[in-house]
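Visitor:
In my numbering, the protein residues as written are 976 to 1181.
1) Report yes or no: do the stretch 1034-1050 and the stretch 1070-1082 share at least 3 C-beta pairs separated by less than 8 Å?
2) Taking just the CA atoms, how far does residue 1010 sit from residue 1031?
3) Any idea what DSSP makes of residue 1165, helix, strand or coil?
4) Check the C-beta distance from residue 1164 over to residue 1127 and give it rounded, since I have them as a contact under 8 Å.
5) May I ask you to report which of helix, strand or coil DSSP gives residue 1057?
6) CB residue 1107 to CB residue 1069, shorter than 7 Å?
7) Helix, strand or coil: how does DSSP classify residue 1071 here?
8) Whole angstroms is fine: what's the gap from residue 985's alpha carbon to residue 1015's?
9) Relative to the alpha-carbon of residue 1089, which residue among 1131, 1167, 997 has its alpha-carbon at the smallest distance?
10) Who are the near neighbours of residue 982 in its chain, counting only those whose CB is closer than 8 Å to its CB and skipping five residues on each side?
11) Which same chain residues end up closer than 6 Å to residue 1025 when comparing Cβ atoms and leaving out the 5 residues on each side of it in sequence?
12) Roughly how many whole angstroms lie between the Cα atoms of residue 1000 and residue 1166?
13) Using alpha carbons as the reference points, say which of 1152, 1036, 1171 lies closest to residue 1023.
14) Assuming residue 1101 contacts residue 1060 (C-beta within less than 8 Å), just tell me the rounded distance between them.
15) For residue 1122, collect the residues of the same chain with a Cβ closer than 6 Å to its Cβ; drop the 5 residues on either side in sequence, then sort them by chain order.
16) Just confirm the distance between the C-beta atoms of residue 1029 and residue 1038, as a whole number of angstroms; I'd bet it's less than 8 Å.
17) In whole angstroms, what is the alpha-carbon distance linking residue 1013 and residue 1150?
18) Buried or exposed: where does residue 991 fall if 16 or more other Cβ atoms within 10 Å of its Cβ makes it buried?
The following block contains the structure:
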């Protein structure tokens, strides 16, 4: 079995465990984080206040986080890492998962991440994402990652472009602003060939 734990200069990317999920929940439930990372489930009828109240209730959210850990422990095809500083501080999460647009092709994936807002601007998201892309394109047989970022979320799509993602279009996203207006999303693609052409220092393992 391949060890999925990854070390970078400043970070430790580790397979998630339940003991750290409460810390991640405290990051994710901040509106500045979830508004671009999560879509409001249909049962909330796009009511941000009601969704926030539910998200703030750990007694409800704990079930979701336990299910996440159980799925990962049962050989889920979702790759997820908790992002730690080298001193052990939990600062976020990064996930590469099946792309729902291509259920018939498991070699096309989606990617997403979030970082504690107090620590944003330090390059941690880039460092974590670069390490994960190295892993996905050298260790696994995943061929392509297709993802998106809301147009108004410039730091996110700027980071994707820095990582080598190519913008291929713009479509309505599954996110809405505080006034209920649907947000637009830039769509991005990064495949194995593009990645290695932009990262010639990365050694191909497969």
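In this text, a Cβ means the ideal position worked out from N, Cα and C, and glycines have one as well. None of the values given here were measured: they were computed from a predicted structure.
Guide: In this structure, then:
1) no
2) 14 Å
3) strand
4) Going by Cβ atoms, the distance from residue 1164 to residue 1127 rounds to 21 Å, so no, they are not a contact pair.
5) strand
6) yes
7) strand
8) 33 Å
9) 1131
10) 988
11) 1019
12) 31 Å
13) 1152
14) Contact flag wrong, Cβ pair sits at about 15 Å.
15) 1085, 1086, 1163
16) The Cβ separation is near 12 Å, so there is no contact.
17) 8 Å
18) buried
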